[in-house]
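Taking it in order: structure first as structure tokens, then the write-up.
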Amino acid sequence: MKANKKSLFINWKLFIGLIILISYIAFCLNYAIVFVVGSSMEPNYYDGDMYIATKNFEISRFDSVIVKTTDNLIIKRVVGLPGEHLLYKDNRLYINDKLVADKYNSFTDDFEAFIPENSYYCLGDNRQNSWDSRKYGSFDVSLVYAKVAGKLGGE
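Right under this line is the structure:
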């Protein structure tokens, strides 16, 4: 009888361990924990902040996403969608010649961009201190790693 209890205890430990392992794998396949490095997304994201990002997502204008560059992963805001003509003129955003309110813009120099199909134009919220699509160009959909879902810890 004692051997049965020991065997049952080992089976439960194995079962719980397996559940934890499966949960961890499922989490890693669907989510990422990301840390903000630098000031390019201030005042909305700060250096050292930690966020959870989902790898299963649809992208809309002004979503915060994690994109791959040749060097690393960066957090930026989607401003332009595939196939659009984007223009910042006199600190205002125009998409396909229509004025679009950009609540994340404090100041943006004039520029324009034509966004290829299957690409996104992403900018840092701190437009004066950001390496973003103005430096790297539009980001192909395959370079969008995840979409920020929420902040972990703190305020």
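At position 117 of the sequence shown the residue is numbered 150 (my numbering), and the sequence of numbers has no breaks. Backbone N, C-alpha and C fix where the C-beta goes; we use that ideal spot for every residue, glycine too. The model shown is predicted, which means the values in this text are computed figures rather than measured ones.
Point to revise | Minimum Cβ-Cβ distance from residue 46 to chain C less than 7 Å | key: Of the protein chains in the structure, only one exists, and it is not chain C.
**Study point:** DSSP-derived helix/strand/coil call for residue 154
**Key:** strand
Check your understanding: Where does residue 165 land, buried or exposed, given buried means 16+ other C-beta within 10 angstroms?
Key -> buried
Check your understanding: Between which two residues does the alpha helix (DSSP H) carrying residue 94 extend?
Key -> Segment: none, residue 94 is in no alpha helix (DSSP H) and carries neither H nor E.
**Study point:** Unbroken beta strand (DSSP E) run spanning residue 110, endpoints
**Key:** 106-113
Practice item. Go to residue 24, then tell me how far its alpha helix (DSSP H) extends in each direction, as first and last residue. Key: With the chain covering only 34 through 188, there is no way to say anything about residue 24.
Review point. To which residues does DSSP link residue 160 through a beta bridge?
Key: Answer is none; residue 160 lacks a bridge partner.
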